[in-house]
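For the sequence shown, the numbering used here assigns the number 13 to the initial residue and increments by one for each residue that follows.
C-beta atoms are modelled at their ideal positions from N, C-alpha and C, and glycine is treated no differently.
Structure, as structure tokens:
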Amino acid sequence: MIADTMNISNGKRNFTRMNEIARVLIKYGFNTVATKLNIKVKFLSFNDNIYDDINDDTNVRIRMVLQELGTTFIKLGQTLSTYPNVIGFELAEELSKLQESAPIDDFETVKQIFEEEFQQPLDDVFDEFSEKPIASASIGQVHTAFLDNKFVAVKIQHENVEETVESDIRLMHILAKRLNDNISALQSYNLPGMIDVFEEDMKKELDYKFEAMNAKHLGHLLKEDEVYIPEVYLEHTTKKVLTMEYVEGVSLNNVLEASDDDYDKKQIAMQGADSFIKQILLYGFFHADPHPGNIFVLENDKIAFVDFGMVGHLDDKLRENISRLFVYVAEGNARLITKQLYYMQIIEDRTHLDEIEYEIMNILDKNYGIQFDDITAVIRDIIEDDLLNKYGIVIPRDVMMVIRAISMIDDIGKKLYPDFNTTEIVKPYAIEMMIDLVKPERLLAKGTETYIDLQNTAKRLPMSLSNLFDIVEDGKVRVALDVMDFELLDKLISKIVNVLVMTIITAAMLIASAMVMLIETDVNIMGYPVLGLAGFVFSAILGIILIVMILRRGNY
């Protein structure tokens, strides 16, 4: 009975919300879209207050629809802004302007939420707690407090925001399917898939423990840097409450509007950009939403980052690939850019590589010289060109998050300091990342992985061959072989085993040499142990022999 009542209540709420969505769409001139949602027009509560500037740019009106529909739709717009290769850079830029806003919860509500989370009175936890928030966004609001004589910022989730978001996302799944089914032009965008990704993002954003751990992780990575990450108090953090050090500084928004005499804007631009590029290319863990509201300027023009709800992760392979791509773009080498996109599996069909290279060359010619100042401008042109649609190229979200972040950094940098040069900052770190690939520590890690793979392959090989012969003997495979054929098969298997054994030995030598390189000894050449260098030389010789053997067989 209770379940039936809840279903009826949810049905009424969904119906009311669906009508509200349709009303807002009609208000901003998207009548066709509203109709495609399959809401019966006779039930629509039409609003005579049609938007005055209905002839405004479509992208602007899309942003205003999402803004008016509130929290979940604002967050959806911000997520979509990380897909510029899908929705277009102009719409992505417009959606990045979405402002989070929400009614402020009264103090009694805030107190109740806190005490439900911690099961103790708020006054027993904090020495002082401000009743009025200093900021409020779509998910939560921020209050200042004193915790053991430390000035802290306490972010508390809005009342019922989780239920609201979950309800809206259920509707989004329905709407995405209807739009995908009824508007053929939208099918290539895979709206249902986007909502799936968005739902996972929102689950993390609604859990402040994720944000707390992101801040701790980034703080650890940047502890030796010139930027500042506020301390997080995990023992006073839950899913709905986040307690961290209060940042005494000025929002970068205010710094951008201030006189050049008030701040060293060049230092701020260079320091911030250097940190972000280092996060991306060296650490593979980065703050993915570097808009001015999330950056503060402290004393001595030192910068601090806040709001760690959106972060990006890059594994070693992706960092390596992005580094190479940036270097090739900076050098304006169309052939290497094309090959790198293919190696990254962004280009999946190699039959059109020559045509893609030619088109990238034309884009580079059109932007000649720009790559020496801003490589993201060139990458953006490649993405915005019809090249992607023409050849069915889809850029992964992780790569797009990197490009979006660096584009935002470049935009802020140029506003602070007109001579700001993204390429000057990106290229050294990209090259450092590529050099890092041949350091003993990295070779040891890669060699160990290769050795384990080869070892497992070697273990499985006899059993696999035995199974193959069992199948042949059972008559499941009909094979006609004469004596000569068996001799050839025997030689082939012997060659395979020989190459495999030599490969394992080479990998083992490489790992051992890399381990020796990490040991301090008295006998060194160029700062490295003689034994380690000798091992590398011997491994190189074995590697060359392996290559020659493979080439002589012609199986490559």
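Task: Start and end residues, alpha helix (DSSP H) containing E257 - done: It is not in any alpha helix (DSSP H) - E257 instead sits in the beta strand (DSSP E) that spans V253 to E257.
TODO: My understanding is that G284 touches L326, with C-beta atoms under 8 Å, so please give their C-beta distance in whole angstroms.
DONE: Actually they are not in contact, since the Cβ atoms of G284 and L326 sit about 19 Å apart, beyond 8 Å.
Open item on the list: For L233, which residues in the same chain have their Cβ closer than 6 Å to its Cβ, ignoring the five residues on either side in sequence?
Closed with: Y295
TODO: Rounded to whole angstroms, what's the CA-CA distance from E223 to M256? Just pull it up for me.
DONE: 11 Å
Open item on the list: On the DSSP letters alone, give me the boundaries of the alpha helix (DSSP H) that I424 sits inside.
Closed with: R409 to L428
Open item on the list: What residue range does the beta strand (DSSP E) around I168 cover?
Closed with: K162 to Q169
Task: As assigned by DSSP and simplified to three states, the class of Y303 - done: Here residue 303 turns out to be His, not Tyr, going by the sequence shown. In the structure shown, H303 sits in coil (DSSP, three-state: anything other than H, G, I, E or B).
TODO: Closer than 8 Å by C-beta to R29: which residues in its own chain qualify, once you throw out the five before and the five after it? Chain order, please.
DONE: S179, D180 and L183
- [ ] Note down, in chain order, each residue of its chain lying with its Cβ closer than 6 Å to the Cβ of V166, except the 5 sequence neighbours on either side.
- [x] H155, A157 and T255
Open item on the list: In whole angstroms, give me the CA-to-CA distance for I375 and D286.
Closed with: 28 Å
Task: I359 to K123 span [Cα, whole Å] - done: 54 Å
TODO: Identify which residue in P96, I553, T84 and V137 has its Cα closest to the Cα of N71.
DONE: P96
- [ ] Enumerate, from N- to C-terminal direction, the unbroken alpha helix (DSSP H) stretches of 4 or more residues contained entirely within the segment 205–275.
- [x] 220–233 and 264–269
TODO: Would you decide whether K252 is buried or exposed? Buried here means 16 or more other CB atoms lie within 10 Å of its CB.
DONE: buried
Open item on the list: In this structure, how does DSSP classify I315 when only helix, strand and coil are distinguished?
Closed with: strand
Open item on the list: DSSP three-state label for F498, please.
Closed with: Note on F498: pLDDT 49, under 50, position unreliable in the model; the coordinate value appears next. Helix.
Open item on the list: Spatial neighbours of I289 within its chain, please: C-beta separation below 6 Å, excluding the five flanking residues on both sides.
Closed with: I437, V438 and Y441
TODO: Kindly list the residues whose CB is nearer than 7 Å to the CB of L37, restricted to its own chain and excluding five residues on each side of it in sequence; keep chain order.
DONE: V45, A46 and V77
Open item on the list: With DSSP as the reference, identify every bridge partner of E140, one or two as the case may be.
Closed with: F158
Task: Member of D273, T91 and R75 whose CA lies at the smallest distance from the CA of G324 - done: T91
TODO: Mind checking which residues open and close the beta strand (DSSP E) that includes H325?
DONE: V323 to H325
TODO: Could you tell me the boundaries of the alpha helix (DSSP H) in which S179 lies?
DONE: V173 to N194
- [ ] Under 8 Å by Cβ, that's how I've got G82 and L107 pegged, so tell me the actual separation to the nearest angstrom.
- [x] Their Cβ separation, rounded to whole angstroms, is 15 Å, which puts G82 and L107 out of contact at 8 Å.
Open item on the list: Spatial neighbours of K216 within its chain, please: C-beta separation below 6 Å, excluding the five flanking residues on both sides.
Closed with: F222
Task: Own chain partners of M322 with C-beta closer than 7 Å, once the 5 adjacent residues on each side are dropped - done: A300 and D301
- [ ] Compare the beta carbon distance of Y429 and A281 with 8 Å and say whether it is the shorter of the two.
- [x] yes
- [ ] Mark A15 as exposed unless 16 or more other C-beta atoms lie within 10 angstroms of its C-beta, in which case mark it buried.
- [x] In this predicted model, A15 has a pLDDT of only 44, less than 50, meaning its place in the structure is not dependable; the value taken from the coordinates is given anyway. Exposed is the call here.
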